[in-house]
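Colleague:
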Amino acid sequence: MARNVTNRRKAVVTVLAWLVGLAIFFPILWIFILSFKSEGDAIKTPFEVLGSAWTFESYATVQERSNYFRHFWNSVVISVGSTLIGLLIAIPAAWAMAFVPGKRTKDVLMWMLSTKMLPPVGVLVPIYLLFRNLGLLDTRLGLVIVLTLINLPIIVWMLYTYFKEIPGEILEAARMDGASLKNELIHVLTPMAVPGIASTLLLNIILAWNEAFWTLNLTAAKAAPLTAFIASYSSPEGLFYAKLSAASTMAIAPILIMGWFSQKQLVRGLTFGAVK
Amino acid sequence: MATKASRAAARLMISPAVLLLLGWMIVPLSMTLYFSFLRYNLLMPGMEEFTGWTNYRFFLTDPAFTAALWNTLLLVGGVLLITTVGGTLLALLMDQPFWGQGIVRILVIAPFFVMPTVSALVWKNMFMNPVNGLFAHVAKFFGLQPYDFLAQAPLGSIIFIVSWQWLPFATLILLTALQSLDQEQLEAAEMDGAGALSRFFYIMLPHLARAITVVILIQTIFLLSVFAEILVTTNGGPGVASTNLTYLIYMQSLLQFDVGGGSAGGVVAIILANIVAIFLMRMIGKNLEA
Amino acid sequence: MSVTIRALMGACALGALGTAALAETTITVATVNNGDMIRMQGLMDAFYEAHPDIKVEWVTLEENVLRQRVTQDVATKGGQFDVMTIGTYEVPIWGERGWLVSLDDLPESYDADDILPAIRGGLTVDDHLYAAPFYGESSMVMYRKDLMEAAGLEMPEAPTWDFIKEAAAAMTDKAGEVYGICLRGKAGWGENMAFLTAMSNSYGARWFDMDWKPQFDSEAWKATLTDYLDLMNNYGPPGASSNGFNENLALFQSGKCGMWIDATVAASFVTNPTDSTVADKVGFALAPDNGLGKRGNWLWAWNLGIPAGTQKEDAAKTFVEWATSKEYLALVAEKEGWANVPPGTRTSLYENPEYLEAAPFAQMTLDSINAADPQHPTVDEVPYVGVQFVAIPEFQGLGTAVGQQFSAALAGQVTAEQALQSAQMLTEREMMKAGYIK
Chain A
1 MARNVTNRRK AVVTVLAWLV GLAIFFPILW IFILSFKSEG DAIKTPFEVL
51 GSAWTFESYA TVQERSNYFR HFWNSVVISV GSTLIGLLIA IPAAWAMAFV
101 PGKRTKDVLM WMLSTKMLPP VGVLVPIYLL FRNLGLLDTR LGLVIVLTLI
151 NLPIIVWMLY TYFKEIPGEI LEAARMDGAS LKNELIHVLT PMAVPGIAST
201 LLLNIILAWN EAFWTLNLTA AKAAPLTAFI ASYSSPEGLF YAKLSAASTM
251 AIAPILIMGW FSQKQLVRGL TFGAVK
Chain B
1 MATKASRAAA RLMISPAVLL LLGWMIVPLS MTLYFSFLRY NLLMPGMEEF
51 TGWTNYRFFL TDPAFTAALW NTLLLVGGVL LITTVGGTLL ALLMDQPFWG
101 QGIVRILVIA PFFVMPTVSA LVWKNMFMNP VNGLFAHVAK FFGLQPYDFL
151 AQAPLGSIIF IVSWQWLPFA TLILLTALQS LDQEQLEAAE MDGAGALSRF
201 FYIMLPHLAR AITVVILIQT IFLLSVFAEI LVTTNGGPGV ASTNLTYLIY
251 MQSLLQFDVG GGSAGGVVAI ILANIVAIFL MRMIGKNLEA
Chain C
1 MSVTIRALMG ACALGALGTA ALAETTITVA TVNNGDMIRM QGLMDAFYEA
51 HPDIKVEWVT LEENVLRQRV TQDVATKGGQ FDVMTIGTYE VPIWGERGWL
101 VSLDDLPESY DADDILPAIR GGLTVDDHLY AAPFYGESSM VMYRKDLMEA
151 AGLEMPEAPT WDFIKEAAAA MTDKAGEVYG ICLRGKAGWG ENMAFLTAMS
201 NSYGARWFDM DWKPQFDSEA WKATLTDYLD LMNNYGPPGA SSNGFNENLA
251 LFQSGKCGMW IDATVAASFV TNPTDSTVAD KVGFALAPDN GLGKRGNWLW
301 AWNLGIPAGT QKEDAAKTFV EWATSKEYLA LVAEKEGWAN VPPGTRTSLY
351 ENPEYLEAAP FAQMTLDSIN AADPQHPTVD EVPYVGVQFV AIPEFQGLGT
401 AVGQQFSAAL AGQVTAEQAL QSAQMLTERE MMKAGYIK
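Below, the structure written as structure tokens:
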């Protein structure tokens with residue numbers, strides 16, 4: 001970084017970047033503010049909203065009406081569970097594709113990705129019937145299975161592109177030293193792959209947390225995650241901005257906080273092999 | 001380079017993923033294919049009968065079908081355009097040194113963590129609502145007539161909402177790519193008297209090409225099946241102005257409970273998605289080779 | 001690795017735990033997110049006190065999503081719900097298919113004969129009662145007395161559409177954000193089509209003639225849609241094409257509507273001072289007519305039904321009986337006041353002086369309900385049953401598709417003629433596909 005930057009230029013960039021950043025973030029900030037207002041105040045003009053009294057009323061109402069913690073826990077189990085199982089299946093596959101590429105490796109990879117393009121609405125009824133027969137409706141296990149499968153292609157691909165960045169010479173060297181395949185995997189590859197795996201893990205937890213089609217259609221009460229929680233506030237009677245804001249804040253806060261804290265890890269591997 | 005043994009091991013390691021995905025694809029797909037040739041309405045059990053191509057005929061001649069196809073293209077294309085161009089500009093901006101970089105980055109990536117349902121609900125009610133929404137308040141403040149976004153420009157509004165959600169993703173990938181750019185190369189170009197624009201077009205853009213392809217590929221996968229945003233904001237309307245293929249199939253199979261018709265639509269959508277997929281794979285495959 | 005595996009097993013074990021049955025019976029109730037239903041969720045302590053062995057899990061959803069979820073579940077026998085909140089449209093169709101548990105064996109004390117005959121008739125198939133009404137509604141005109149007075153007009157008890165038009169013009173003050181009339185515009189067979197179909201009845205229009213031929217090319221439909229669009233474009237609020245019941249309620253409560261023609265249940269919300277800024281200024285009138293002998297009001301009830309095949313039929317029945325009983329009405333009255341009691345289900349409620357005292361809209365509600373005739377909804381004979389719907393399975397899809405067209409006309413994307421033409425075409429297509437017409 002030997003570029004000479006005048007302070008003036010830096011100031012201009014700072015102002016610009018902050019303006020853009022705040023504009024992008026503003027909707028989230030706004031629902032956060034509205035969630036602490038009364039229903040009557042929440043529909044007023046922005047200045048009146050900011051000037052009105054603050055209250056926890058909406059959070060109390062939401063808490064009273066829904067079992068937030070159960071939905072929250074379901075979301076955690078489903079997103080973390082499906083991601084871990086996905087990784088377990090994907091790591092060997094991606095490893096093999098990256099280090100022992102065959103003629104058809106790329107085709108297999110592309111085929112995997114193409115399965116993600118199937119419109120879920122088209123197969124909902126078959127899956128629903130299948131789940132009914134297997135007794136998986138409204139179970140967390142069922143959702144873990146579905147989310148593992150729909151996110152598997154992304155996991156494999158992300159890991160593959162990351163593994164490919166790992167120089168092959170290191171593996172050669174390890175082999176020369178007589179490391180077995182197992183040792184190679186555990187002692188040489190894994191430490192190098194950790195950033196990529198961490199990033200894949202985070203991205204998939206986010207995707208699974210926010211998945212709203214299957215989670216809403218395959219659950220009723222017991223396994224319903226936060227996406228179902230938010231659905232019950234979508235268009236209630238009368239004034240509802242404050243309640244909707246409170247529920248929205250509660251639904252997105254956990255993942256937002258997790259994302260912010262782990263953004264370094266997330267970004268590090270989020271390259272999909274795009275960086276050389 | 002690889003030995004026979006390691007090849008066998010590799011195959012073994014790939015097979016669980018492949019078999020699972022194969023099962024996930026084949027089982028529902030064959031059921032869908034079977035249903036698509038039946039007259040099968042959930043509300044009329046016991047009346048299922050083979051009808052040949054009837055479902056396909058009705059689906060393909062439905063006036064809503066062409067509209068939905070067009071809307072799908074516009075939606076995917078629009079969001080891709082906004083997020084890649086916006087993401088590149090934003091990445092360039094954030095690549096500059098400035099005070100509070102860390103915090104601004106946190107602000108910019110935030111929308112990516114928001115559930116599609118929540119973001120659609122929030123934009124629809126708190127911002128785009130023509131009576132109580134924030135935009136309406138702002139318009140009234142300046143003495144203007146509030147614009148009814150979801151009725152007057154339904155598809156545009158949805159493109160906007162979806163772009164807001166995906167802009168952070170594009171920005172992040174492009175920013176990471178930009179940061180890996182060789183600074184010396186840039187400086188050398190600057191010494192040679194290359195202006196900012198030519199530096200961007202001749203050095204940065206080629207370097208970003210691969211990252212942009214990745215952004216396009218990943219986003220297309222998700223954008224083809226945009227659903228929650230439409231369901232929450234416009235229900236596909238007014239008319240069919242914001243109905244995409246996914247939503248059209250939803251209406252067939254889950255609002256009319258016409259499983260046969262919906263399945264036919266599903267098969268059509270799968271075929272179309274695969275055409276897009278092949279096209280994309282060609283593009284990305286070439287780029288990944290490089 | 002082993003940590004991962006243990007975590008996985010933990011996740012699976014947790015999943016299994018979630019499904020393990022407890023000693024008490026847990027029933028899952030799917031419900032619509034309407035005020036009366038949500039109020040019940042706050043009053044469940046009384047139920048648990050009387051039935052400590054039953055636990056109720058709620059799944060609260062928006063109307064359209066609810067309908068899709070429960071229909072899918074009942075038709076595939078998915079068994080996710082033990083009690084479902086369903087409308088008068090679903091009950092006869094489902095009952096006929098044997099998808100619902102009949103409620104004929106409710107105890108004497110439940111007094112099924114007390115249910116309003118018009119409502120009960122809609123829930124009965126071949127003399128079997130298939131669902132218990134939680135609340136019933138018709139539609140009527142709600143208006144702002146203060147604005148009406150300021151406009152120098154007086155609302156008759158039974159207004160005509162011409163009067164509504166005149167009053168809407170007089171009350172509109174767009175600069176002051178007061179819109180003369182708020183009506184449903186959001187597409188959906190239970191949203192804008194409920195209103196428009198009911199309105200069309202008073203214009204003498206019908207969905208189908210006796211040979212199931214769609215009638216959108218008739219003069220009566222054209223007059224209905226043209227008048228509706230006139231009203232809404234000139235005197236309605238902006239963004240009307242995405243307004244449903246809830247959106248209009250919010251508008252009316254915040255003082256932005258002069259008149260609102262919608263469900264009678266709204267009466268208790270707009271007169272409730274905690275939610276409504278215009279609570280003491282609301283008047284009521286019967287839904288308008290055109291002098292053809294039919295009024296533009298509908299008939300609807302939200303009911304609790306038990307899907308056939310549930311493992312927990314007894315617990316479900318106990319709950320349904322409690323939620324639709326006279327005792328529940330008394331409970332709401334005690335906790336929230338008589339004006340907030342779910343209306344429109346029981347004759348005894350309308351004979352209760354305390355209720356009549358507390359609910360100024362009671363008589364109007366009862367009259368509106370009694371004025372609706374699902375067997376003869378419109379002026380001409382029709383082959384179907386239902387005031388604001390056509391009780392055939394295809395109607396949900398049809399109604400919504402036609403609703404999309406009319407909503408597009410309201411948004412100004414197509415003209416009334418184009419919307420009617422498309423409606424006629426797509427209805428013909430669907431009826432042909434379903435085999436009603438050759």
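Residue numbers (full-length UniProt numbering), protein chains in the order written: chain A, 1 to 276; chain B, 1 to 290; chain C, 1 to 438.
Each residue gets a CB set at the ideal place from its N, CA and C atoms; glycine is no exception.
Computed from a prediction, not measured in an experiment: that's the story for all the values here.
1) Starting from A/W30, find everything on chain B with Cβ-Cβ shorter than 9 Å and list it in chain order.
2) From which residue to which residue does the beta strand (DSSP E) around C/F134 run?
3) Verify the CB distance criterion: does A/W54 have a CB-CB separation below 8 Å to chain B?
4) Leaving out five residues before and five after A/K243 in sequence, what residues of the same chain have Cβ atoms less than 8 Å from its Cβ?
5) Among C/G337, C/P374 and C/D373, whose alpha-carbon lies nearest the alpha-carbon of C/S356?
6) Quick one: measure Cβ to Cβ for C/Y179 and C/M199, integer angstroms, because I've assumed they're closer than 8 Å.
7) How many whole angstroms separate the CB atoms of A/F229 and A/A247, which I take to be in contact at a CB cut-off of 8 Å?
8) State yes or no: is the beta carbon of A/I255 nearer than 8 Å to at least one beta carbon in chain B?
9) Could you check whether the Cβ of B/N41 sits closer than 8 Å to any Cβ belonging to chain C?
10) Closest to B/T117 by CA distance: which of B/A209, B/T233 and B/A194 is it?
11) Would you please state the rounded distance, in angstroms, between the beta carbons of C/T28 and A/Y128? I believe it to be under 8 Å.
12) Give a yes or no on whether the minimum CB-CB distance between A/P119 and chain B is below 8 Å.
13) What first and last residue would you give for the alpha helix (DSSP H) that runs through A/I257?
14) Helix, strand or coil for C/I27? Go by DSSP, reduced to three states.
15) Output, in chain order, the set of chain B residues within a Cβ distance shorter than 7 Å of A/K116.
16) Assuming the contact rule is C-beta atoms closer than 8 Å, B/R39 and B/G260 should be a hit. Round their C-beta distance to whole Å, please.
17) Can you tell me whether A/V194 is buried or exposed? The criterion is at least 16 other CB atoms within 10 Å of its CB, across all chains shown.
18) For a cutoff of 8 Å on Cβ pairs, would you count C/F134 as touching chain A?
19) Would you kindly work out how many angstroms separate the C-alpha atoms of A/L203 and C/W221, rounded to a whole number?
20) Return the CA-CA distance between B/V27 and C/A118, expressed in angstroms with no decimal places.
21) Could you tell me whether the Cβ atoms of C/W189 and C/G399 are closer together than 8 Å?
22) Closest by CA to C/N246, which one among A/P27, A/S245 and A/F240?
23) Quick one: list the residues of chain A neighbouring C/L349, beta-carbon separation under 9 Å, in chain order.
24) Ends of the beta strand (DSSP E) at B/T234?
25) Report the neighbours of A/D138 on chain C: residues whose CB is nearer than 7 Å to its CB, in chain order.
26) Does the separation of the CB atoms of A/L29 and A/V49 fall below 8 Å?
27) Nearest CA to the CA of B/Q179: which residue from A/L113, A/A90, A/V76 and A/V267?
28) Under three-state DSSP, which class holds C/F208?
29) So, are the CB atoms of A/I85 and A/T148 less than 8 Å apart?
30) Does A/L149 come within less than 8 Å of chain B when only Cβ atoms are used?
31) Checking 8 Å against the spacing of the C-beta atoms, do residue 303 of chain A and B/M283 come in under that value?
32) By the three-class DSSP mapping on this structure, what secondary structure does C/L22 have?
33) Answer with yes or no whether the minimum CB distance from A/R8 to chain C is below 8 Å.
34) Once DSSP output is grouped into helix, strand and coil, what is the label at A/W30?
35) For a contact meaning CB atoms closer than 7 Å, what does B/M44 contact in chain C?
36) Verify the CB distance criterion: does B/Q256 have a CB-CB separation below 8 Å to chain C?
Modeller: In brief:
1) In the first sequence, the residue the question calls residue 30 of chain A occupies position 30. The answer, in chain order, is V122, M126, F127 and L134.
2) Along the third sequence, read from residue 1 onward, the residue named residue 134 of chain C stands at position 134. Element bounds for C/F134: A132 to R144.
3) Numbered from 1 along the first sequence, position 54 holds the residue referred to as residue 54 of chain A. By this cut-off, A/W54 is not an interface position.
4) The count along the first sequence starts at 1 and reaches residue 243 of chain A at position 243. Hits under 8 Å: E39, S58, T61, V62, Y233 and P236.
5) On the third sequence, position 356 is the one that residue 356 of chain C refers to. Just to set this straight, residue 356 of chain C is Leu in the shown sequence, not Ser. Nearest option by C-alpha distance: C/G337.
6) What you label residue 179 of chain C is simply residue 179 of the third sequence in a count that begins at 1. What you label residue 199 of chain C is simply residue 199 of the third sequence in a count that begins at 1. Going by Cβ atoms, the distance from C/Y179 to C/M199 rounds to 18 Å, so no, they are not a contact pair.
7) Within the first sequence, the letter at position 229 stands for residue 229 of chain A. Within the first sequence, the letter at position 247 stands for residue 247 of chain A. With 8 Å as the limit, A/F229 and A/A247 qualify as a contact, their Cβ atoms being about 7 Å apart.
8) Position 255 of the first sequence, counted from the first residue, corresponds to residue 255 of chain A. For A/I255, the nearest CB of chain B lies under 8 Å from its own CB, placing it at the interface with that chain.
9) Here residue 41 of chain B refers to the residue found at position 41 of the second sequence. Look at B/N41: its C-beta is under 8 Å from a C-beta on chain C.
10) Along the second sequence, one-based indexing puts residue 117 of chain B at 117. B/T117 has its Cα closest to that of B/T233, out of B/A209, B/T233 and B/A194.
11) Position 28 of the third sequence holds residue 28 of chain C. Position 128 of the first sequence holds residue 128 of chain A. Contact flag wrong, Cβ pair sits at about 16 Å.
12) Here the question's residue 119 of chain A lines up with position 119 in the first sequence. By this cut-off, A/P119 is an interface position.
13) Locating residue 257 of chain A in the first sequence gives position 257, where the first residue counts as 1. Where A/I257 is concerned, the enclosing alpha helix (DSSP H) stretches over Y241 to F261.
14) Mapped onto the third sequence, residue 27 of chain C falls at position 27. In this structure, C/I27 counts as strand in the three-state DSSP scheme.
15) Start at 1 with the first residue of the first sequence, and residue 116 of chain A comes out as number 116. Under the 7 Å cutoff, chain B gives I221.
16) By one-based count along the second sequence, residue 39 of chain B stands at place 39. By one-based count along the second sequence, residue 260 of chain B stands at place 260. At roughly 6 Å, the Cβ-Cβ gap stays under 8 Å, so B/R39 and B/G260 are in contact.
17) Residue numbering aside, residue 194 of chain A sits at position 194 when the first sequence is read from its first letter. That one is exposed.
18) Residue 134 of chain C sits at position 134 when you count from the first residue of the third sequence. No, C/F134 lies away from the interface with chain A (no Cβ there is under 8 Å from its Cβ).
19) In the first sequence, counting from the first residue as 1, residue 203 of chain A sits at position 203. In the third sequence, counting from the first residue as 1, residue 221 of chain C sits at position 221. Using only the alpha carbons, I get a separation of about 53 Å.
20) Position 27 of the second sequence holds residue 27 of chain B. Position 118 of the third sequence holds residue 118 of chain C. The straight-line gap from Cα to Cα measures roughly 48 Å.
21) Taking the first residue of the third sequence as position 1, residue 189 of chain C is located at position 189. Taking the first residue of the third sequence as position 1, residue 399 of chain C is located at position 399. Cβ distance < 8 Å, so C/W189 and C/G399 count as in contact.
22) Here residue 246 of chain C corresponds to residue number 246 of the third sequence, with the count starting at 1. Nearest of A/P27, A/S245 and A/F240 to C/N246, Cα basis: A/F240.
23) As a position in the third sequence, residue 349 of chain C is number 349, starting the count at 1. Those within 9 Å of C/L349 in chain A number zero; the least Cβ separation is about 21 Å.
24) Working through the second sequence from its first residue, we reach residue 234 of chain B at position 234. No beta strand (DSSP E) holds B/T234; DSSP gives it neither H nor E.
25) Counting from one through the first sequence, the residue named residue 138 of chain A turns up at place 138. What A/D138 touches in chain C: Q80.
26) Here residue 29 of chain A is taken as the residue at index 29 of the first sequence, counted from 1. Here residue 49 of chain A is taken as the residue at index 49 of the first sequence, counted from 1. Going by C-beta atoms, A/L29 is not nearer than 8 Å to A/V49.
27) Here residue 179 of chain B corresponds to residue number 179 of the second sequence, with the count starting at 1. Per the Cα distances, A/V267.
28) Against the third sequence, residue 208 of chain C aligns to sequence position 208. C/F208 falls in the strand class under three-state DSSP.
29) Taking the first sequence and counting its residues from 1, the one referred to as residue 85 of chain A is at position 85. Taking the first sequence and counting its residues from 1, the one referred to as residue 148 of chain A is at position 148. In this structure, A/T148 lies closer than 8 Å to A/I85 by Cβ.
30) Within the first sequence, numbered from 1, the residue matching residue 149 of chain A stands at position 149. For A/L149, the answer is yes, since a Cβ of chain B falls inside 8 Å of its Cβ.
31) The shown model of chain A, from 1 to 276, leaves out residue 303 of chain A, and the question about it has no answer.
32) As a position in the third sequence, residue 22 of chain C is number 22, starting the count at 1. Model confidence at C/L22 stands at a pLDDT of 44, short of 50, so the residue's coordinates are unreliable and nothing is read from them.
33) As a first step, residue 8 of chain A is located in the first sequence; it is residue number 8 there, counting from the start. Output row for A/R8: interface = no.
34) Numbered from 1 along the first sequence, position 30 holds the residue referred to as residue 30 of chain A. The answer is helix: DSSP assigns A/W30 an H, G or I state.
35) As a position in the second sequence, residue 44 of chain B is number 44, starting the count at 1. Simply P393.
36) Numbered from its first residue, the second sequence carries residue 256 of chain B at position 256. Chain C contact via Cβ: present.
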